[in-house]
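Shown next, in structure tokens, is the structure this report addresses.
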Amino acid sequence: MRGWQAVICGITSVVLAGGGLFAGDNTPANAVATGPAVYVPDTAHQNDPLPDGVLAWDGLTKETNAAADAEAARFTFNFTNVSPGQVVILSVYPGCSCTTFQLPPLPWILPPGSTGQFGVTVNLAGKTGLLFKAPKITTDRGFKQLMLKITILPPVMPTESEADRAHALEIAKADRQVVFRGDCMACHVKPGEGKYGKSLYDTVCAICHEGEHRSSLVPDLHNIITPTNLSFWQTWIAHGKAGSLMPAFSTSDGGPLSDIQITSLAQYLALTIPSQLNKYK
Ligand code: HEC
Ligand code: HEC
């Protein structure tokens, strides 16, 4: 049921976004010469649902799984004009700022029997879990609502053998910064390069803090018993804690993260892990 609520939300925003776009699309400047006659878009039916028997689709609902660090999900829609007359695609409504269409210039005129293809791309930056998007396409015979379902998969954690892990733990106990050097970098540093916010957390922090087989010395960040805020996160990330396994990530402390990366992480964590103090207010 939750999925449909998300879809309905999408439709509402589509309609809202539509208002602004129409004005431009209706101006005569957008009319395109097609052969001998000048084509004037017929917008009389653009707010009616497209009747059956006009466009045949390879699917109106498309689903995909995306890796946790995927930047975008891409969909392709194929259709055929199965009606006896031409169909004109007048406009498209992404429904949210994260969605874009890839299609020929509009109006797109489809003679009877012709086929068409367009792409829809959903930017996944900052997104997690299950996403529903409802972009819309408007023709001179009516509009068609498309449905997109994207499942963003949980991040894939690297795994280590028991022996390697025990060895790593021993040398990290002697020097907590050793995770940022030598062979350790392949799992503890490289995956976070050039990343920010959530995707940086999923790579450089989750490896220790969300690890299934992690040492009991590594606390659960979702259950910190002291109050937290932006500077709490910033300080822990930048400096860690001497004498523990929590390394210092700031470059000034010999770590791999820039100040901007640290701030992006602190902001992400302050937003997604509410302070326990606030919970009881
Ligand atoms: C090498 C493993 C490791 C990595 C990588 C790591 N941590 Fe830690 N972290 C620890 C350990 C161990 C502790 C417990 C320190 C102690 O003994 O108090 C800790 C403690 C913390 C604490 C304090 C929790 C509390 O209960 O007060 C915060 C906050 C924290 N880590 C955030 C992060 C963030 C954010 C990242 C990613 C930038 C990160 N850690 C990466 C091992 C790690
Ligand atoms: C193949 C990937 C990989 C490499 C290489 C690696 N680690 Fe880890 N490390 C992990 C994973 C995964 C965890 C989380 C615990 C688990 O699930 O095994 C972890 C956890 C840790 C922890 C937290 C304590 C614990 O065991 O839970 C420390 C400290 C640590 N690693 C240090 C190191 C050091 C030091 C090196 C280099 C000698 C290193 N790691 C190399 C994958 C790696």
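In terms of the numbering used here, the sequence shown opens at residue 482 and continues consecutively. Where is the CB? At the ideal position from N, CA and C, for every residue including glycine. Keep in mind it's a predicted model, so treat the numbers as computed, not measured.
Would DSSP call residue i helix, strand or coil?
| i | result |
| --- | --- |
| residue 596 | strand |
| residue 678 | helix |
| residue 634 | coil |
| residue 756 | coil |
| residue 731 | strand |
| residue 507 | Interpretation of residue 507 is limited by its pLDDT of 45, a score under 50 that renders its predicted location unreliable; no figure is taken from the coordinates. |
| residue 698 | coil |
| residue 672 | helix |
| residue 684 | helix |
| residue 704 | helix |
| residue 659 | helix |
| residue 537 | strand |
| residue 808 | Beyond the ends of the chain as shown, which are 482 and 762, falls residue 808; an answer cannot be given. |
| residue 519 | strand |
| residue 524 | coil |
Which residues mark the beginning and the end of the beta strand (DSSP E) in which residue i is found?
| i | result |
| --- | --- |
| residue 553 | 553 to 562 |
| residue 574 | 568 to 574 |
| residue 647 | Where residue 647 is concerned, there is no enclosing beta strand (DSSP E), although the alpha helix (DSSP H) it sits in stretches over 643 to 655. |
| residue 590 | 589 to 591 |
| residue 624 | 623 to 626 |
| residue 608 | Here residue 608 belongs to no beta strand (DSSP E), and DSSP marks it neither H nor E. |
| residue 580 | 580 to 583 |
| residue 546 | 542 to 547 |
Quick one: Cα of residue i to Cα of residue j, how far?
| i | j | result |
| --- | --- | --- |
| residue 657 | residue 706 | 24 Å |
| residue 727 | residue 571 | 57 Å |
| residue 547 | residue 609 | 10 Å |
| residue 498 | residue 625 | Any reading at residue 498 needs caution, since the residue's pLDDT is 39, under 50, leaving its predicted position unreliable; the model's value is listed next. Rounded to the nearest angstrom, the two C-alpha atoms are 16 Å apart. |
| residue 720 | residue 612 | 36 Å |
| residue 754 | residue 607 | 15 Å |
| residue 630 | residue 731 | 38 Å |
| residue 680 | residue 594 | 46 Å |
| residue 701 | residue 734 | 24 Å |
| residue 687 | residue 544 | 28 Å |
| residue 747 | residue 718 | 8 Å |
| residue 653 | residue 737 | 16 Å |
| residue 649 | residue 582 | 48 Å |
| residue 600 | residue 563 | 20 Å |
| residue 622 | residue 579 | 27 Å |
| residue 767 | residue 632 | Residue 767 is absent from the model: the chain starts at 482 and stops at 762. |
| residue 639 | residue 541 | 37 Å |
Cβ-heavy atom distance between residue i and ligand 1 below 8 Å?
| i | result |
| --- | --- |
| residue 725 | yes |
| residue 696 | yes |
| residue 741 | no |
| residue 689 | yes |
| residue 653 | yes |
| residue 636 | no |
| residue 669 | yes |
Taking the alpha helix (DSSP H) that residue i falls in, what are its first and last residues?
| i | result |
| --- | --- |
| residue 615 | Careful: residue 615 lies outside any alpha helix (DSSP H) and carries neither H nor E. |
| residue 742 | 740 to 753 |
| residue 713 | 711 to 720 |
| residue 667 | 666 to 669 |
| residue 687 | 687 to 690 |
Please tell me whether, using a cut-off of 8 Å, the distance from the CB of residue i to the nearest non-hydrogen atom of ligand 2 is below it.
| i | result |
| --- | --- |
| residue 639 | yes |
| residue 650 | yes |
| residue 544 | no |
| residue 674 | no |
Would you grab the beta carbon distance between residue i and residue j for me? Rounded to a whole angstrom, and I think it's under 8 Å.
| i | j | result |
| --- | --- | --- |
| residue 537 | residue 560 | 6 Å |
| residue 569 | residue 635 | Not confirmed; about 44 Å, so no contact. |
| residue 710 | residue 756 | 6 Å |
| residue 520 | residue 586 | So it is not a contact: roughly 12 Å between Cβ atoms. |
Please check if any C-beta of chain D sits within less than 9 Å of the C-beta of residue i.
| i | result |
| --- | --- |
| residue 538 | The structure shown contains no chain D; it holds only a single protein chain. |
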